[in-house]
Amino acid sequence: MDINAYIDSGILELYVAGVLSESENQEVYELMSKHPEILQEVLEIEASVIKLTAATSSGNKSRALTLIKEKLLFKKEAKETKVVTLEKPKHNWLTYSGWAAAIILGFGLYWTLNQNNELQSDLQTVEIERSYLETQIAEARTDLEANKKLLSVLRDKDIIAVPLGGQGNFANTYAKVYWSKENNEIYVDAQGLPSPPPGKVYQVWSLKLSPLTPVSLGTIDNFMQDENKIFEIQNLNESEAFGITLEPAGGSESPTMEQLYTLGVVAATP
Amino acid sequence: MQLELLVEKFQKKDQKAFEELYNMYGDSMQGVIYNIVRDKDTAEEIMQDVFIKAWNNSASYSPSKGRFFTWILNIARNAAIDKTRSKAFKNSRKNLDADYFVDILQTSESLDDQTNSIGIKKFVEKLAKKCIEVIELLYFKGYTQQEASEALDMPIGTVKTRNRNCIKELRTYVLE
């Protein structure tokens, strides 16, 4: 490539004027970096044009610069205002994040308190359930003990079982007496008796048959409350029969025969 | 400092680099703008806009597309020409088409203070009208080669060689 011819073509003057196409600009740029003569030529053309155009300048360049720097918020001129403008967003940012943090913390605390309350009440519920279960277990144990004891009593070979049959109007009722002579106790199984009406109680009698002599063994006051309807009663008598009558609360001196529900004779001792 | 480095710094929003570039090209831009609008206050206003625009759009400049001077020269010319097309400006100003940059040089009082004022004065005195015309259109007004050839009623190739010769002459006066 003839560099001098290229320079003489006048393309570099047009390059500085800015009237070349994009590809021509690219070409000159590449040639400039390869050939120092071309770069030098461009620099001189540019310098002369700058001097010529500057000579037509009318204004105060440094005053314009001051105004430009003010508009662009440059350091020196705008130092104070810059501090303010920088300070404000910083402050806002801090404020916003501060408030955000406070709100989040507030919600967090509220949530934690709520959780705590819930846990507390859950704990209380569990405690109540636990004590209830404990009671039940204790009751079940007690019941089991009682039942075991009862069973052992009933299975005792020395026990005397006396079935009491329904009498008169109460033919469909029944009861059973298990008599442990050794312990002077009877166990009355009153499962076959209806619930006594209010103000009335069942009274258990020990009978001698000749002559017919009833002796009160006591009233069953807790009939309703007892679940298995087996009542333990002391009996020191040489009973020949047992009977159950319905009596006014508190019991009677002698049995009311119209209200004799069940009666049973002790089998003769073998 | 190397121009490339300076421009790179400027593109990275270095304020010192901006000021240095402003000092290098500020007068030149002011001259170009003033030649177009022919009003000191308006020129100063446009001048500020041009450098603010250059600062804000510095990323759009690339050395492979042309000289940095040419890039900012384009911004300045376009801003000034835009101004002359605005209604307010048209209403307040006469038709400026007949004026050339030489008028400013000949009437300028401040020219004596310029470093190269003597060289430029010599140049202007000696300069043929054909040179004034072509320089005016290509550098001050931003005409394309085609537009200049039409305005001057000469072939494109002639515009190119004439411009080359006129700038060559200018160089002998201002670059000693």
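Chains B and U are the protein sequences, given in the same order.
Okay, so the first sequence: first residue is 1 according to this note's numbering, each after it adds one.
Okay, so the second sequence: first residue is 271 according to this note's numbering, each after it adds one.
We put the beta carbon where it would ideally sit given N, CA and C, even for glycine.
Check, Outcome
"What would DSSP say about B/Phe74, mapped onto helix, strand or coil?", "coil"
"Look up B/Gly168 in the DSSP assignment and say whether it is helix, strand or coil.", "helix"
"Going residue by residue through the region 179-212 of chain B, where are the continuous beta strand (DSSP E) segments of at least 3 residues, counting only ones entirely within it?", "185-189 and 200-208"
"Measuring only the C-alpha atoms, how far is B/Gln26 from B/Trp99?", "56 Å"
"Locate the alpha helix (DSSP H) running through U/Val320, then write down its first and last residues.", "Lys310 to Asn326"
"Mind the definition here: the region 195-212 of chain B touches the region 243-256 of chain B only if three or more C-beta pairs lie below 8 Å; say whether that holds.", "yes"
"Does B/Phe107 come out as helix, strand or coil in the three-state DSSP assignment?", "helix"
"Give the single residue among B/Val42, B/Thr219, B/Ile244 and B/Asn237 whose Cα lies nearest to the Cα of B/Lys176.", "B/Ile244"
"List the endpoints of the continuous alpha helix (DSSP H) containing B/Glu37.", "Pro36 to Ala55"
"What residues of chain U sit near B/Glu13, judged by a beta carbon separation below 7 Å?", "Asn433, Arg434 and Ile437"
"Alpha carbon to alpha carbon, how far is U/Glu403 from B/Ser23?", "27 Å"
"At the level of alpha carbons, what is the spacing between U/Gly301 and B/Leu73?", "26 Å"
"Starting from B/Gly264, follow the alpha helix (DSSP H) in both directions and report where the run begins and ends.", "Segment Leu260 to Val265 is the beta strand (DSSP E) holding B/Gly264; no alpha helix (DSSP H) there."
"Please report the distance separating the alpha-carbon of U/Ser448 from that of B/Glu30.", "Because chain U is modelled from 271 through 446, residue 448 of chain U falls outside the range shown and cannot be assessed."
"Specify, as a first and last residue, the run of the beta strand (DSSP E) that B/Ile244 falls within.", "Ala241 to Pro248"
"Can you name the residues of chain B whose CB is closer than 7 Å to the CB of U/Tyr409?", "Ala17, Val49 and Thr53"
"Return the chain-ordered list of same chain residues with a C-beta closer than 8 Å to the C-beta of U/Phe393, the five sequence neighbours on each side being excluded.", "Glu439, Leu440, Tyr443 and Val444"
"Kindly say whether B/Lys273, judged by its beta-carbon, lies nearer than 9 Å to any beta-carbon of chain U.", "Since the displayed chain B opens at 1 and closes at 270, residue 273 of chain B lies outside it and no answer follows."
"I'd like to know whether the C-beta atoms of B/Val153 and B/Tyr132 end up nearer to each other than 9 Å.", "no"
"Which of the three DSSP states is assigned to U/Asp382 in this structure?", "Annotation note: pLDDT 48 at U/Asp382 (below 50); position unreliable, coordinate value reported separately. Helix at U/Asp382."
"Taking all protein chains shown into account, decide if B/Pro255 is buried (16 or more other Cβ within 10 angstroms of its Cβ) or exposed.", "buried"
"Is it true that the CB of U/Ile342 sits closer than 9 Å to the CB of U/Leu291?", "yes"
"Counting beta carbon pairs with one atom in the region 278-285 of chain U and one in the region 228-243 of chain B, are three or more of them shorter than 8 Å?", "no"
"Can you grab the Cα-Cα spacing for the pair U/Arg355 / B/Ala101, in whole Å?", "56 Å"
"State buried or exposed for B/Lys79, treating a residue as buried only when at least 16 other CB atoms are found within 10 Å of its CB.", "Caution applies to B/Lys79, whose pLDDT of 44 falls short of 50 and renders its modelled position unreliable; the value that the coordinates give is listed next. Counting Cβ neighbours within 10 Å, B/Lys79 comes out exposed, since fewer than 16 surround it."
"Relative to the C-alpha of U/Val372, which residue among U/Asn293, U/Thr340, U/Asp319 and U/Asn305 is closest?", "U/Asn305"
"Can you tell which of U/Ile303, U/Arg434, U/Asn433 and U/Asn326 has its C-alpha closest to the C-alpha of U/Asn344?", "U/Ile303"
"Under 8 Å by Cβ, that's how I've got B/Val42 and B/Val19 pegged, so tell me the actual separation to the nearest angstrom.", "Contact flag wrong, Cβ pair sits at about 14 Å."
"If the cut-off is 9 Å on Cβ atoms, which residues from the region 22-36 of chain B count as contacting chain U, listed in chain order?", "Glu22, Asn25, Gln26, Val28, Tyr29 and Glu30"
"Name the chain B residues whose beta carbon is nearer than 9 Å to that of U/Ile426?", "By Cβ distance, chain B contributes nothing, its closest Cβ being about 10 Å from U/Ile426, past 9 Å."
"Around the C-beta of U/Ile374, are 16 or more other C-beta atoms found within 10 angstroms, so that it is buried, or is it exposed?", "buried"
"Give a yes or no on whether 9 Å exceeds the smallest Cβ distance from U/Ser298 to chain B.", "yes"
"Determine the contact status of U/Asp297 and B/Ser57, defining contact as a CB-CB distance below 9 Å.", "yes"
"Once you ignore the five residues that flank U/Gln415 on each side, which residues in its own chain have a CB closer than 6 Å to its CB?", "Ile426 and Val429"
"Under 8 Å, CB to CB, which of the residues in the region 314-327 of chain U have a partner in chain B?", "Glu314, Met317, Gln318, Phe321, Ile322 and Trp325"
"Determine the contact status of U/Gly452 and U/Arg337, defining contact as a CB-CB distance below 9 Å.", "Outside the displayed range of chain U (271 to 446) lies residue 452 of chain U, so it cannot be described from this structure."
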